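These protein sequences, in sequence, are chains A and B.
Count the first sequence with the numbering used here and you get residues 46 to 195, in order.
Count the second sequence with the numbering used here and you get residues 6 to 387, in order.
For every residue, glycine included, the Cβ atom is placed at its ideal position computed from N, Cα and C.
Only a predicted model underlies this, so the values are computations on that prediction, with no experimental measurement involved.
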Amino acid sequence: MKPIAKTLWLLLFCLLLPSHGGWAGEKPAFVVIVHRDNPLEKISADQLSRIFLKKMTQWDDGREISPFDLSPSAEVRNKFSQDILRKTVSVVRAYWQRQVFAGRAVPPPEISEQAEVVSQVSGDPGAIAYVAGDFPLSNQPVKILTVSQD
Amino acid sequence: MRHFLLFLILMLTPLLAQNTGRTVFLNGYGEWVYGKSDGNEYLAGNEAGNYDRTNLSLALLIQTDTPLTISAQVFWANTRENESEVGLDYVFALWKFSDALKFLAGQVKQPFGIYTEIYDVGTARPFFSLPQSVYGNGGLVTKAYRGLGFSGYLPVGESMELSYDLYGGKLDLEAVNPIGLLVTGTDKGSGLSEDNGALQESDVKNMVGGRLVLHGILDRLDLGASAFYGHEEGDEDGVQSDEYNYSYGFQGEYFGNYSELRGEWVLHADEDGYKTTGWYVENAFRFRVNYQVVARYEDANLDEQLEVPAGLSNLFKHREFALGFNYWFNTQFVIKTSVHWVEGNRYALPEGGYPEAADLTDWGSQLDSKTRLFMLGAQFSF
């Protein structure tokens, strides 16, 4: 095979590599959203983990971060928990028991409807949440963040 | 009536706080446990079989629209002796300057080791009770301090965090005290109480303490160390005394999706040279989502500085192996059962407590140093 053809095959292979568990062209399992006025464009998985475990509670500009979770039975919550927090939902809830009864922090509000999550994020400049990758977000005053694994 | 009013006030607080610009969270936890032993009284069990241990705690957290958060927790407990207790576990204010610096003031849960801040929360541990070698009435740690403290988190590298606590004030330590018993004797059948010298309550004043924990080593491992140092004031035969004492300990915890492994080692010592050490390791493995098998080994020793009459050395020792099986309906409701094999009488004693001092040696020779215990019950939180 000629070098140029090899390069093209390699490029095509890379384009098809999974992103958030899906193949290129497929919708990811979830997308992370913030208020449209949030200056952030990209966030790392570790930052997201710290935010949703409330170990990081302020944006760079000092504003309070308001994370919103989906209900524990939601498939998207399960996927987000495994991929970003690297824990099952049960382990995350056990973590919150410790925080709550130590009197140190309370978990993010759990919302059952994704539309309600989007509504909360669109109304709160400090909010951050996740919804299913195929949830319609066009015409919504929210911004999708790129999640990096580094 | 007093208990009822206290709980009523707490339960109504969220309603009263509506429309005041504050967010109020009411959480709680409780348990009922049956315990039967083959002789000695230990944890929830006695020889006849005991159904009486129940408790309920309510925790209130109020977030204001400023960096101020107020936390409080009250408990109501029905003991193994079927007596009611009610009390205040903690009440404190937390002011958040940043994630790296929070200021706390009040009666605050003592940050020492893994479990002190969640001492009685059954759904936050694999067994009904915490390992007595570290968390029992051995005077190594306690539930809360009264004073001021700082707390915070700092990211370390890509995925680890360092949490730290620094605090000062006063601690109330409570310990079953065989030394006091040997020196002063006690009344027959009077049980563990401060009056008869078997239970020693110490006010550790001018105390400073701290805890450092590195979280997320290899993703799921936490390692840490804790310590406190303070002074105990006393009155011995009309002479004022002021003796220092201290505790320090190390902790390690792996919290995986299906398995948990943790262990702690703690030492407490005082100016007279008495030393108590306690340690444990516990393992829990979850399968088919709801089922969990658990195991624990623990050991505690009180250094003997006195000449101990024959047969009484078991009062200074505690060694225990426990196996359990749990069914978790969800993370907030669990049915637990466990079997415990105990050696030593530091915490496992005959019903009725200590005999008269003159009878100690006879009593010691008759003391059953081995205890088997079965427990079954439910724990829940919300």
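Under 6 Å Cβ to Cβ from residue i, same chain only, skipping five residues before and after it: list those, please.
i        : result
B:Ala353 : Asn45, Tyr47, Val347 and Thr376
B:Leu99  : Thr74, Lys107 and Leu109
B:Tyr263 : Arg291
B:Glu303 : Pro136, Ser138, Tyr285 and Glu325
B:Gly127 : Glu36 and Gln384
B:Asp43  : Arg377
A:Ser157 : Ser116
B:His236 : Lys210, Asn211, Asp247 and Tyr249
B:Tyr158 : Asp104, Glu166 and Ser168
B:Glu238 : Asp247
A:Ile129 : Ala90, Leu93 and Ser94
B:Leu317 : Gly369
B:Tyr39  : Tyr56, Leu381 and Gly382
Name the chain C residues that come within less than 9 Å of residue i, Cβ to Cβ?
i        : result
A:Gln185 : Absent here is chain C; the protein component of the structure consists of chains A and B.
Any Cβ of chain A within less than 8 Å of the Cβ of residue i?
i        : result
B:Tyr169 : no
B:Leu66  : yes
B:Ile123 : yes
B:Val161 : no
B:Asp227 : no
B:Ala129 : yes
B:Phe260 : yes
B:Phe385 : no
B:Glu36  : no
B:Ser134 : no
B:Lys114 : yes
B:Val126 : yes
B:Ser164 : yes
B:Asp70  : no
B:Asp373 : no
Can the beta-carbon of residue i be found closer than 8 Å to that of residue j?
i        : j        : result
A:Arg138 : A:Pro117 : yes
B:Val213 : B:Lys175 : no
A:Gln196 : B:Ser386 : Since the displayed chain A opens at 46 and closes at 195, residue 196 of chain A lies outside it and no answer follows.
B:Asn32  : A:Val145 : yes
A:Ala90  : A:Val121 : no
B:Leu372 : B:Asn319 : yes
B:Leu61  : B:Phe30  : no
B:Glu154 : B:Leu178 : As written in the sequence, residue 154 of chain B is Gly, which differs from the Glu given in the question. Contact: no.
A:Phe97  : A:Ala172 : no
B:Val113 : B:Ala149 : yes
A:Lys72  : A:Thr191 : no
A:Ile78  : A:Val176 : yes
A:Arg95  : B:Asp224 : no
B:Gly221 : B:Ser156 : no
Excluding the 5 residues preceding and the 5 following residue i in the sequence, name in chain order all residues of the same chain whose CB lies nearer than 7 Å to its CB.
i        : result
A:Asn123 : Val134
B:Leu145 : Val139, Ser252, Val271, His273, Thr281 and Gly283
B:Ile119 : Gln256, Glu258, Arg267 and Glu269
B:Tyr296 : Tyr332
B:Gln68  : Arg27, Thr28 and Thr74
Between residue i and chain B, is the shortest Cβ-Cβ distance under 8 Å, so that the two count as touching?
i        : result
A:Lys72  : no
A:Ser193 : no
A:Arg131 : yes
A:Phe75  : no
A:Gly171 : no
A:Phe146 : yes
Leaving aside the five residues before and after residue i along the sequence, list all residues of the same chain whose C-beta is less than 8 Å from its C-beta, in chain order.
i        : result
B:Gly111 : Tyr95, Val96, Phe97, Ala98 and Arg151
A:Gln103 : Glu109 and Ile110
A:Pro186 : His80, Arg81 and Ser167
B:Phe132 : Glu287, Val299, Arg301, Ala327, Gly329, Lys341 and Ser343
A:Ser193 : Lys87, Ile88, Ser89 and Ala90
**Item:** Runs of alpha helix (DSSP H) wholly within the segment 66-141 of chain A (minimum 4 residues, chain order)
**Value:** 90-97 and 120-125
**Prompt:** Enumerated in chain order, which unbroken segments of the beta strand (DSSP E) with a length of 3 residues or greater are wholly contained in the segment 106-176 of chain B?
**Reply:** 106-114 and 149-161
**Prompt:** Which residues, in chain order, does the segment 82-100 of chain B contribute to contact with chain A at a C-beta distance below 8 Å?
**Reply:** Tyr95, Phe97 and Leu99
**Request:** Quick one: which residues of the segment 102-121 of chain A get their C-beta closer than 7 Å to a C-beta of chain B? List them in chain order.
**Result:** Thr102 and Gln103
**Against chain A: residues of the segment 321-336 of chain B by CB proximity under 7 Å** = Thr336
**Item:** Cβ-based contacts, 7 Å cut-off: residues of the segment 135-163 of chain A near chain B
**Value:** Ser135, Val136, Arg138, Ala139, Gln142, Arg143, Val145, Phe146, Ala147, Gly148 and Val151
**Item:** Within 7 Å of chain A by C-beta, residues of the segment 207-227 of chain B in sequence order
**Value:** Asp224
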